[in-house]
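Going by the UniProt record's numbering, the letters in the sequence shown line up with residues 1 to 521, in that order. From the three backbone atoms N, C-alpha and C, an ideal C-beta is built for every residue, glycine too. Here the structure is a predicted model, which means the values were calculated and not measured.
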Amino acid sequence: MLRGNCLINDLKILINNRLYSDLEIKCKDGIILYGNRAVLAARSEVFNKMLFSRTSEISDKQISFQKIESAAMKIILEYLYTGSILDGSLSIDNAFETFNAADFFQLKNLQDIISNFYKQACKGDGQEMKEDKSPELLSKAIQVMSSSDDNGIIDFLVKSVAKIPLDTIGFDRLSLQALRCLLSNTNDNEKVFVTSEYSVLRFTILLSAKNVSQAAFSALKIRLPLWNKINDGFNFKNNDTSGLTDICTCTANNMAPLIEFIDLRRIEGKILIDIIEPLNLIPHEKLIAAYRYYTYDKDPMSAFRGKPFIKEDIKWDRNNCGPSLFISPDGYTASCSGKYPTPNYLKTNYGNHVRTNSLMINGIHELHVKIKNINFVRIGVCGKVNQSGFGHRPGFCFANNQPGFAFANDQPDFGFANNQPGFGLGNNQSDLRNFSFWWVFLNGATLFSGSDHTVPAKPVSLMKSLQRGVDELVLRLNMDNKECICIFNGREISTGWINLPPELYFFASLDPSGTITIMNN
């Protein structure tokens, strides 16, 4: 390589080069790296104080760092010498350690570079991991990183884990220290948090018991039903706690650092009295404080911490549904008559689509549905469609299993979302803004997100089929940051979207074999 043409390339030659170095850097793993005192001191205030302060041993040729691995120190040297890091230097395995080292050397810009790398990696765009590894990664991060207020990686992981229902996270995936970090950073603030406070307490108890013994975990698990199962046959009177004194004492000790971050006022009083109090895991003064709140405050708190869900009476909209659908008198159930025609040139269904009545503009909205006896279903969101309506009339379109494909109605003059030649709604792209749909859940198909309402994003594989006779699906849509979380039979299967319009409705399409019922109320 010709020297003298590029300063950065020339400086790269100095990195860990024994020939040009006057300092040995011994790392935690015993590996020795090489550096130049003048360069390091000029680039880092920490190195300057260590190497050239009056109390330092200037004549020493070696300096030791007992808490920094050599892999992280190499990246520190790269940044100090060149102001950047080489492509491929960062990985998920060394990002935590390097971020911590950058914090030690007070290199804020390098911390920002690492945070951005990590956020991109968590999106799963060809990177090493997916965001659903957030619980494990938060546990690892807490072990090796400083949990300071400006730690961008930990803050990102906390937000990611907060969007996953704790009931769906295995107890071997999240450490007690990571759980404490999660609860302390989501307590009494406006972060999105999708787990009810009872489920938070249940997870805390069981994770604490898991750290006592498997026997303790099993004994308490059978006495702590899932939140959505409490009113489904659980016998409060038979919740015998005899013989659990030692187990509960040890579990309570493990819970002690976490209990201050759990708000018992968000948990129904009957649950506290019949399920939680007999276990003797919660300090009595905290229980009494919750009971007093129930007694004197007539306005109950939300069952969820963080940014509250908007309470709304969501129903299927009779004025915006296909002609083959029957909407129940109360508006909560949609069923398909199966009488609509099926043209042989389209291997899909139509005339069986419906949106909800509530327009979503801001805040967090939730749609909870039960799907019964359906072989094919699509559920998602749609923009404000043309007032000419749904079904057989012009002005209705939906996406089928093919990326970017949509058609306007059952007439031969149907249009494609990708506006292929010879098709389209009068070949007028502006018309498409009123006819775009974003499918969150398609069993047997894929998840798409619309970019500019016409270009689909990379498909993400979902489910092969509906799993049982009656399935449950929850969509949680945050209109403030345009994020959508989908939970199918208790398991999160999708998050995130791009370029959603400012006003949306929930939307569904079903085959003629079954029903879909809104369970929000």
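- Contact fails between the region 508-521 and the region 192-202, because fewer than three Cβ pairs, one in each stretch, are under 8 Å apart.
- Three or more beta-carbon pairs drawn from the region 35-43 and the region 79-88 are found closer than 8 Å, and the two stretches are therefore classed as touching.
- For residue 335, the enclosing beta strand (DSSP E) begins and ends at 333-336.
- Under a 10 Å Cβ-count criterion, residue 487 is classified as buried, with 16 or more other Cβ atoms of the shown protein chains found around its own Cβ.
- In this chain, residue 509 is not harboured by any alpha helix (DSSP H); it is covered by the beta strand (DSSP E) spanning 505-510.
- The criterion of a C-beta distance shorter than 8 Å is not satisfied by residue 221 and residue 201.
- Taking a 10 Å sphere around the C-beta of residue 484, we find 16 or more other C-beta atoms and assign the residue as buried.
- From the listed residues 326, 243, 209, 361, the smallest Cα separation to residue 513 is found for 326.
- Boundaries around residue 294 are those of the alpha helix (DSSP H), 284-296, since no beta strand (DSSP E) includes it.
- Within the same chain, Cβ atoms closer than 7 Å to the Cβ of residue 359 are found at 503, 505, the five residues on either side in sequence being excluded.
- For residue 250, the uninterrupted alpha helix (DSSP H) run begins and ends at 245-259, by DSSP.
- If you draw a straight line from the Cα of residue 223 to the Cα of residue 208, it comes to about 15 Å.
- A distance of 8 Å or more separates the beta carbons of residue 480 and residue 319.
- For residue 35, the enclosing beta strand (DSSP E) begins and ends at 32-35.
- The C-beta separation of residue 100 from residue 144 comes to about 6 Å, placing the pair in contact by the 8 Å criterion.
- Using a 10 angstroms sphere on the CB of residue 93, the tally of other CB atoms stays under 16, which defines it as exposed.
- Per DSSP, residue 180 is one residue of the alpha helix (DSSP H) stretching across 176-186.
- Shortest Cα-Cα distance from residue 379 to any of 265, 471, 118 involves 471.
- Separation of the CB atoms of residue 509 and residue 353 is rounded to 4 Å, and the pair is thereby assigned contact status at 8 Å.
- Apart from sequence neighbours up to five positions away, the residues of its chain that approach residue 501 with a beta-carbon distance below 6 Å are 383, ordered along the chain.
- Taken through DSSP and simplified to helix, strand or coil, residue 362 comes out as coil.
- Taken atom to atom, the span from the alpha-carbon of residue 159 to that of residue 278 is near 33 Å.
- Ranking 154, 116, 115, 117 by CA distance to the CA of residue 134 puts 154 first.
- Per DSSP, residue 157 is one residue of the alpha helix (DSSP H) stretching across 152-162.
- The Cβ neighbour count for residue 118, taken over all protein chains shown within 10 Å, is at least 16; the residue is labelled buried.
- Residue state for residue 352 is assigned as coil, using DSSP reduced to three classes.
- Less than 8 Å divides the Cβ of residue 264 from the Cβ of residue 290.
- Around the beta carbon of residue 243, a 10 Å sphere encloses fewer than 16 other beta carbons of the protein chains shown; the residue is thus reported as exposed.
- Between residue 288 and residue 356, the C-beta gap is not smaller than 8 Å, which leaves the two residues out of contact.
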